[in-house]
Amino acid sequence: MNWNWRAIKAIMRKDLQQVLQNRMVWLPMIIVPALIQVLVPLGLVLMPRFMPESDLGVQDLTGLLGVMPDGLRTMMEGMTAGQMWIMLSANYMFAPMFLIVPLMVSSILAADSFVGEKERGTMEGLLYTPISDRDLFMAKVLTAFLPALVISLGSFLAYGIVVNAGGYATMGRIFFPTAPWWPLVFWLGPAVSVAGLGVTVLIS
Numbered sequence: 179m180n181w182n183w184r185a186i187k188a189i190m191r192k193d194l195q196q197v198l199q200n201r202m203v204w205l206p207m208i209i210v211p212a213l214i215q216v217l218v219p220l221g222l223v224l225m226p227r228f229m230p231e232s233d234l235g236v237q238d239l240t241g242l243l244g245v246m247p248d249g250l251r252t253m254m255e256g257m258t259a260g261q262m263w264i265m266l267s268a269n270y271m272f273a274p275m276f277l278i279v280p281l282m283v284s285s286i287l288a289a290d291s292f293v294g295e296k297e298r299g300t301m302e303g304l305l306y307t308p309i310s311d312r313d314l315f316m317a318k319v320l321t322a323f324l325p326a327l328v329i330s331l332g333s334f335l336a337y338g339i340v341v342n343a344g345g346y347a348t349m350g351r352i353f354f355p356t357a358p359w360w361p362l363v364f365w366l367g368p369a370v371s372v373a374g375l376g377v378t379v380l381i382s
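Okay, here's the thing in structure tokens:
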């Protein structure tokens, strides 16, 4: 099975140029990750520095220790309420929210790539170009998947810098990422991206 990578790259380049020209497409891919991976996490990890422990729900946090897995409970023992708040917020509460980024980016780009071609009336022209349907489909898929992967990794890096910098004064050390984040970023994130891409392709 031979792929026409030259044609695939040309179509990808064309699609990405169209994305950059459409503010309605690329702007959400900047605003949403910045909000859920930078601004909101920074606010949460800074809260223990500016709020009394009573407002952080010390009793609730302490009560959680009894229902935590052994490994997590061992890691949390001896921490102050502020440290527990930061550890739980940064490492566990935001883990599901991270998956919004690859899902959103791949879905937006796939919708623009497949549905956008139909709305712009350019799909018919592409079908008459000297490229197989298989190569055309691969180009469209990669146009959505690769940027989603890059933006997800960039968001993960920005998130790690923000929470470690914001929480360092309270934690006294680098505390992020914990082990569960690695499969989340490098396995589950791409899988969610592919799932969102697949659903968008089926709908379109």
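Under my numbering, the first residue of the sequence shown is numbered 179, with each subsequent residue one higher. Positions of the beta carbon are idealized from the N, C-alpha and C atoms, including for glycine.
Range of the contiguous alpha helix (DSSP H) that encloses residue i
{"i": "V377", "result": "G367 to I381"}
{"i": "W181", "result": "Run containing W181: none; DSSP gives neither H nor E here."}
{"i": "Q261", "result": "A259 to L266"}
{"i": "S291", "result": "Element bounds for S291: n/a, residue is neither H nor E."}
{"i": "A326", "result": "D311 to M349"}
{"i": "F353", "result": "Unbroken run through F353: none, as it is neither H nor E."}
{"i": "L222", "result": "V218 to F228"}
{"i": "P358", "result": "That residue, P358, is in no alpha helix (DSSP H); it is neither H nor E in DSSP."}
{"i": "I209", "result": "P206 to A212"}
{"i": "M271", "result": "No alpha helix (DSSP H) holds M271; DSSP gives it neither H nor E."}
CB of residue i within 8 Å of CB of residue j, strictly
{"i": "T378", "j": "L194", "result": "no"}
{"i": "V216", "j": "A336", "result": "yes"}
{"i": "P325", "j": "V293", "result": "no"}
{"i": "V370", "j": "F354", "result": "no"}
{"i": "K318", "j": "S291", "result": "yes"}
{"i": "I329", "j": "M190", "result": "no"}
{"i": "N200", "j": "I309", "result": "no"}
{"i": "L281", "j": "G344", "result": "no"}
{"i": "M275", "j": "I214", "result": "yes"}
{"i": "V372", "j": "F323", "result": "yes"}
{"i": "P226", "j": "G260", "result": "yes"}
{"i": "S333", "j": "P211", "result": "yes"}
Residue burial classification, residue i (beta-carbon count within 10 angstroms, cutoff 16)
{"i": "F228", "result": "exposed"}
{"i": "L222", "result": "buried"}
{"i": "M202", "result": "exposed"}
{"i": "I264", "result": "buried"}
{"i": "L198", "result": "exposed"}
{"i": "P358", "result": "exposed"}
{"i": "P361", "result": "exposed"}
{"i": "L287", "result": "buried"}
{"i": "I186", "result": "buried"}
Distance cut-off 7 Å: residue i Cβ against heavy atoms of the ligand ADP
{"i": "L362", "result": "The ligand ADP is not part of the structure shown, which contains no ligands of any sort."}
At least 3 beta-carbon pairs within less than 8 Å: the region 352-367 vs the region 306-316:
No: fewer than three Cβ pairs fall under 8 Å.
So, do the region 268-276 and the region 180-196 have three or more beta carbon pairs nearer to each other than 8 Å?
Short answer: they don't touch.
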